[in-house]
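Below is one structure; the comments refer to it alone.
Number of protein chains: 2
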Amino acid sequence: MIKTITLIGSGNVATHLGKAFLNQGVEINQVYSYNKDNAFELANQLNAMPCDEIKFISDESDAYFICIKDDYIEDIAQQLSVKNKIVVHTSGSVPLQILNQFENHGIFYPLQTFSKEKDLDLTTVPFCIEANNKKTKHALLEFAKTLSNNVHEIDSEQRKKIHLAAVFACNFSNYMYSIAEDILRQEHLNFEMLKPLILETAKKTQENSPKAMQTGPAIRNDQEVIKEHIELLNDSKKHQEIYQLISHAILNSSDISK
Amino acid sequence: MIKTITLIGSGNVATHLGKAFLNQGVEINQVYSYNKDNAFELANQLNAMPCDEIKFISDESDAYFICIKDDYIEDIAQQLSVKNKIVVHTSGSVPLQILNQFENHGIFYPLQTFSKEKDLDLTTVPFCIEANNKKTKHALLEFAKTLSNNVHEIDSEQRKKIHLAAVFACNFSNYMYSIAEDILRQEHLNFEMLKPLILETAKKTQENSPKAMQTGPAIRNDQEVIKEHIELLNDSKKHQEIYQLISHAILNSSDISK
């Protein structure tokens, strides 16, 4: 059973997980951040001790959650000395093997987009769990289930694909919103107008396959509107290219099922 | 005051508007569709008379709502003979002038994505209103306000831009969901897993600028993950191209403000 935790990182994921752990009665021993202020701020919220040097991370917690940028995970892990305790990272794309030095290691990947400013109900968030041995896997699965009703055992290869899918579903769809915002701003129109549409489009996926719900000029091969839209995008070659490529892909999507 | 209406069309927009009109105590006189069954079905729902020939459309309604595919609006309008009654279409991209033959004509464009299967609260839907004269504009604005708290006076040029923005915000974001679904399906993973992420990404736009909320490998210039993702997409050149183009655009978005 995981009852005490050390958080390594003080960003969005560390903040949301830390709060959820605390709500479950877990004790957060330490919060590490290389940035002292951030360490203090999050530690303070979680009744934990702040720490800004890896060597001062105590080995007394049941589990260590590395919630930092992908690029730094390996480096931080190599400096961490916590014997046989459980060490996990929360990244979608970094392989399990990066934590090989630890006797008990795993992945604790929440498939969600986190912002510090926005509270989030973790109970519906999918958690992707992986571990190097049965005991650790069991501990992580059980622990994740105290936070969420949506816990999955996922290997590193699958997790990579899930992360890739998430880039399309989250990062790229958000960029589409961002282009829409640009287009409206140029006309001095308020982005507010698009908010009900954005929300409804996302809501539709909750009950229907997005493929079946595809609408717009491209899927109905409305060349006149497509041509006009490309002209309207005349002052941004970048947006024109994106419009053309995606429209073309949608237009052909009915006969390309792969 | 618009108190009686004839609906021309029986698709998603006609269905949702018709129901909302009825709820406001408006009488729907006739529902026209070239498809007799569809005319009967919607007419039946709206306590209206079905009609499958334009020449049988009576001229007794206060207003005529043309809710059909863009390509057919001009043709249908030319066959319609309703004297000085108000005639509007509900399209985002067809100009006002297409209805020039009518003494009182306008646009009644609901900026939303409609599915017959899914009920929708119209009170928050933005309605874009335009008309060829003051009297008609006033009548349409007042009428739209009985349905929604989000009514705007928008000219045809602005409406085109709004429609273009909506293609990005709705059609293209939905296509991003659709690619994500493909990627998961190939791994025999359930699309269900992405639903909380999709919804949360859309919800974030309700309170924050999407530009400020951009996350993912591209915005943090994580070339290692980007490279790996492009390799993972090896069996779909189409998805690879989209990934590369959008990632490149996101990567450069900080210094391209236009």
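First to last, the protein sequences are chains A and B. Here the first sequence is numbered in our numbering, starting from 66 and rising by one per residue. Here the second sequence is numbered in our numbering, starting from 66 and rising by one per residue. Ideal Cβ placement from N, Cα and C applies to all residues, glycine included. Here the structure is a predicted model, which means the values were calculated and not measured.
In the structure shown, what three-state DSSP assignment does residue i receive?
{"i": "proline 261 of chain B", "result": "helix"}
{"i": "proline 275 of chain B", "result": "helix"}
{"i": "histidine 81 of chain B", "result": "helix"}
{"i": "glutamine 309 of chain B", "result": "helix"}
{"i": "isoleucine 315 of chain B", "result": "helix"}
{"i": "glutamate 92 of chain B", "result": "strand"}
{"i": "glutamate 195 of chain A", "result": "strand"}
{"i": "tyrosine 242 of chain A", "result": "helix"}
{"i": "glutamate 139 of chain B", "result": "helix"}
{"i": "histidine 170 of chain B", "result": "strand"}
{"i": "histidine 203 of chain B", "result": "helix"}
{"i": "histidine 253 of chain B", "result": "coil"}
{"i": "glutamate 182 of chain B", "result": "coil"}
{"i": "glutamate 106 of chain B", "result": "helix"}
{"i": "histidine 304 of chain A", "result": "helix"}
What are the boundary residues of the beta strand (DSSP E) that residue i is part of?
{"i": "valine 153 of chain A", "result": "151-154"}
{"i": "isoleucine 73 of chain A", "result": "69-73"}
{"i": "phenylalanine 130 of chain B", "result": "128-131"}
{"i": "glutamate 118 of chain A", "result": "First-last for glutamate 118 of chain A: undefined, no H or E at that position."}
{"i": "valine 216 of chain A", "result": "216-218"}
What is the residue span of the alpha helix (DSSP H) that residue i lies within?
{"i": "glutamate 289 of chain A", "result": "288-297"}
{"i": "isoleucine 227 of chain A", "result": "221-231"}
For residue i, count the other beta carbons within 10 Å of its own beta carbon; 16 or more makes it buried, fewer makes it exposed. Which is it?
{"i": "asparagine 317 of chain A", "result": "exposed"}
{"i": "threonine 188 of chain A", "result": "exposed"}
{"i": "alanine 283 of chain B", "result": "buried"}
{"i": "glycine 157 of chain A", "result": "buried"}
{"i": "phenylalanine 121 of chain B", "result": "exposed"}
{"i": "glycine 90 of chain A", "result": "exposed"}
{"i": "histidine 304 of chain B", "result": "buried"}
{"i": "lysine 226 of chain B", "result": "buried"}
{"i": "methionine 66 of chain B", "result": "exposed"}
{"i": "tyrosine 308 of chain B", "result": "buried"}
{"i": "serine 7 of chain A", "result": "The structure shown has nothing for residue 7 of chain A, since chain A only spans 66 to 323."}
{"i": "aspartate 136 of chain A", "result": "exposed"}
{"i": "histidine 203 of chain A", "result": "exposed"}
{"i": "lysine 276 of chain B", "result": "buried"}
{"i": "glutamate 195 of chain A", "result": "buried"}
{"i": "aspartate 184 of chain B", "result": "exposed"}
Would the beta-carbon of residue i be found less than 7 Å away from any heavy atom of the ligand SAH?
{"i": "serine 221 of chain B", "result": "The ligand SAH is absent from the structure shown, which contains no ligand whatsoever."}
Excluding the 5 residues preceding and the 5 following residue i in the sequence, name in chain order all residues of the same chain whose CB lies nearer than 8 Å to its CB.
{"i": "lysine 292 of chain B", "result": "none"}
{"i": "phenylalanine 192 of chain B", "result": "Phe173, Tyr174, Pro175, Leu176, Ala209, Leu212, Ser213, Asn215, Val216, His217"}
{"i": "threonine 270 of chain A", "result": "Met278"}
{"i": "serine 123 of chain A", "result": "Thr71, Asn94, Gln95"}
{"i": "tyrosine 99 of chain B", "result": "Asp117"}
{"i": "glutamine 143 of chain A", "result": "Gln166"}
{"i": "phenylalanine 105 of chain B", "result": "Pro115"}
Would residue i pass as an interface residue toward chain E - the criterion being a Cβ-Cβ separation below 8 Å?
{"i": "aspartate 287 of chain A", "result": "Reference to chain E is not applicable here, since the protein chains of this structure are A and B."}
To which residues of the same chain is residue i closer than 6 Å at the C-beta, ignoring the five residues directly before and after it?
{"i": "asparagine 197 of chain B", "result": "His170"}
{"i": "serine 312 of chain A", "result": "Ala283, Ile291"}
{"i": "glutamate 252 of chain A", "result": "none"}
{"i": "proline 160 of chain B", "result": "Ser221"}
{"i": "lysine 148 of chain B", "result": "Asp124"}
Which same chain residues, not among the five before or five after residue i, have their C-beta less than 7 Å away from its C-beta?
{"i": "serine 180 of chain B", "result": "Asn77"}
{"i": "asparagine 286 of chain B", "result": "Leu316"}
{"i": "isoleucine 263 of chain B", "result": "Tyr242"}
{"i": "threonine 80 of chain B", "result": "Leu107, Lys181"}
{"i": "glutamate 103 of chain B", "result": "It is asparagine, not glutamate, that sits at residue 103 of chain B in the sequence shown. Within the same chain, asparagine 103 of chain B has close Cβ partners Ser75."}
{"i": "isoleucine 141 of chain A", "result": "Ile73, Ile119, Ile131, Ile133"}
{"i": "leucine 164 of chain A", "result": "Ala142, Val152, His154, His170"}
Inset, instruction - Residues of the segment 122-141 of chain B with a CB closer than 9 Å to any CB of chain A: list them in chain order, please. - result: Lys134, Asp135, Asp136
For the segment 90-110 of chain A, which residues have a CB atom closer than 7 Å to at least one CB atom of chain B, in sequence order?
Of all residues in the segment 90-110 of chain A, none comes within less than 7 Å of chain B when Cβ atoms are compared.
* **Short-range partners of chain A found in the segment 268-284 of chain B, where Cβ spacing is below 8 Å** => Lys268, Lys269, Thr270, Gln271, Glu272, Asn273, Ser274, Pro275, Lys276, Met278, Gln279, Thr280, Gly281, Pro282, Ala283, Ile284
Legend entry - chain B contacts from the segment 221-233 of chain A (Cβ-Cβ distance under 7 Å): Residues passing the 7 Å Cβ filter: Gln223, Lys225, Lys226, Ile227, Leu229, Ala230, Ala231, Val232, Phe233.
Worksheet item: Between the segment 236-250 of chain B and chain A, which residues of the former have a C-beta closer than 8 Å to a C-beta of the latter?
Response: Hits within the stretch, in order: Asn236, Phe237, Ser238, Asn239, Tyr240, Met241, Tyr242, Ser243, Ile244, Ala245, Glu246, Asp247, Ile248, Leu249.
Notebook entry, point to check: Relative to chain B, which residues along the segment 187-208 of chain A have a C-beta separation below 8 Å, given in chain order?
Noted result: Thr189, Val190, Pro191
Relative to chain B, which residues along the segment 301-321 of chain A have a C-beta separation below 9 Å, given in chain order?
Legend: CB atoms of the segment 301-321 of chain A lying less than 9 Å from CB atoms of chain B belong to residues Ser301, Lys303, His304, Glu306, Ile307, Tyr308, Leu310, Ile311, Ser312, His313, Ala314, Ile315, Asn317, Ser318, Ile321.
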